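>
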Amino acid sequence: MPMPSDEIAALIKAAIPDATVEMEALVDDNDHWLARVTSAEFAGKSRVQQHKMVFAALGERMGGELHALQLHTSVPN
Amino acid sequence: MSDNSGNTNERISQIVGDNDVVLFMKGTPLFPQCGFSNRAVSILDHCKVQFESVDVLQDMEVRQGIKAYSDWPTIPQLYVKGEFVGGSDIMMEMYEAGELQQMLDEKQVAKAE
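For the protein sequence lines, the chains are P and F, in the order given. Residue numbering for the first sequence is 1 to 77, as defined by the numbering used here. Residue numbering for the second sequence is 1 to 113, as defined by the numbering used here.
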């Protein structure tokens, strides 16, 4: 089941409140998304840890419903 | 379903330990079965590194087991010298920043023929 982008963004923001989340459709099928997540919480963490924080926000959906979510994390400038 | 998770963990651990660079992926390097796996293979090819691959589609135990082993929900997954590097997005970010090549050089892994 595809997941709408605003739902994905809302889940990420619920777990990482200061995050800005930009969603970009990679394919116009409501299923292939790129999420650009920027948060001060990522500071000092490795890329793996940053991605894991986002995965934690998405819970079991990641790798299941969200099999085609591309992820880009960064710390605000 | 029987609980083979301990066994599977051991198998994964051996694969990760026996190979300097190993990519758990869907399909094979010649015929990747998903865009993310395809991207991961292309990145490693560009880095001219010799790597082993494991097709998780051929092994359901490893397909599930690797997610728990790495605490990472998606495939592909890259390991270098026993260390989990990340999935294809992290590989791409590192590749673009020159960090992946640097890491492979520093760890002195074998070059592709």
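Each residue gets a CB set at the ideal place from its N, CA and C atoms; glycine is no exception. Note that the coordinates shown come from a computational prediction; the quantities given were computed from them, not determined experimentally.
Nearest to P:ASP100 by CA position, among P:PRO4, P:GLY59, P:ALA43 and P:ASP29, is which residue?
Outside the displayed range of chain P (1 to 77) lies residue 100 of chain P, so it cannot be described from this structure.
> Give the range of the beta strand (DSSP E) segment to which F:ASP55 is assigned.
The count along the second sequence starts at 1 and reaches residue 55 of chain F at position 55. Unbroken beta strand (DSSP E) run through F:ASP55: 52-55.
> Could you name the residues of chain P that F:ILE15 contacts, counting a contact when the two beta carbons are closer than 9 Å?
Counted from its first residue, the second sequence places residue 15 of chain F at position 15. Under the 9 Å cutoff, chain P gives no residues; its nearest Cβ is about 19 Å from F:ILE15.
> Going by DSSP, what residues sit across from P:HIS67 in a beta bridge?
Taking the first residue of the first sequence as 1, we reach residue 67 of chain P at position 67. Answer is none; P:HIS67 lacks a bridge partner.
> Please report the distance separating the alpha-carbon of P:ALA9 from that of P:LYS52.
The sequence position of residue 9 of chain P within the first sequence is 9, counting from 1. The sequence position of residue 52 of chain P within the first sequence is 52, counting from 1. Between P:ALA9 and P:LYS52, the C-alpha separation is close to 16 Å.
> Does the region 53-72 of chain P come within contact of the region 7-17 of chain F, defined as at least 3 CB pairs closer than 8 Å?
Not touching, per the Cβ criterion.
> So which residues on chain P does F:ASP89 lean against when the C-beta distance must stay under 8 Å?
Taking the second sequence and counting its residues from 1, one reaches residue 89 of chain F at position 89. Under the 8 Å cutoff, chain P gives HIS51, GLN70, LEU71 and HIS72.
> Mapping the DSSP letters down to three states, classify F:SER88 as helix, strand or coil.
In the second sequence, residue 88 of chain F corresponds to position 88, counting from 1. Correct three-state label for F:SER88: helix.
> Go to F:GLU99, then tell me how far its alpha helix (DSSP H) extends in each direction, as first and last residue.
Position 99 of the second sequence holds residue 99 of chain F. F:GLU99 -> alpha helix (DSSP H) spans 99-106.
> Please check the pair F:PRO76 and F:SER37, which I expect to be a contact at CB under 8 Å, by giving their CB distance rounded to whole angstroms.
By 1-based counting over the second sequence, the position of residue 76 of chain F is 76. By 1-based counting over the second sequence, the position of residue 37 of chain F is 37. With a Cβ gap of about 5 Å, F:PRO76 and F:SER37 count as contacting.
> Would you be able to state if there are at least three C-beta pairs under 8 Å between the region 16-27 of chain F and the region 55-66 of chain F?
These segments touch.
> So that I know if they touch, is there some Cβ in chain F lying closer than 8 Å to that of P:PRO2?
Locating residue 2 of chain P in the first sequence gives position 2, where the first residue counts as 1. Taking Cβ atoms only, chain F never reaches closer than 8 Å to P:PRO2, which makes this a no.
> For a quick check, are the C-beta atoms of P:VAL48 and F:ILE90 less than 8 Å apart?
The residue given as residue 48 of chain P occupies position 48 in the first sequence. The residue given as residue 90 of chain F occupies position 90 in the second sequence. Their beta carbons are under 8 Å apart, which means P:VAL48 touches F:ILE90 by this criterion.
> Nearest to F:GLY87 by alpha carbon, out of F:GLN50, F:ASP71, F:ASP45 and F:MET60?
By one-based count along the second sequence, residue 87 of chain F stands at place 87. If we check each option's Cα against that of F:GLY87, F:ASP71 comes out closest.
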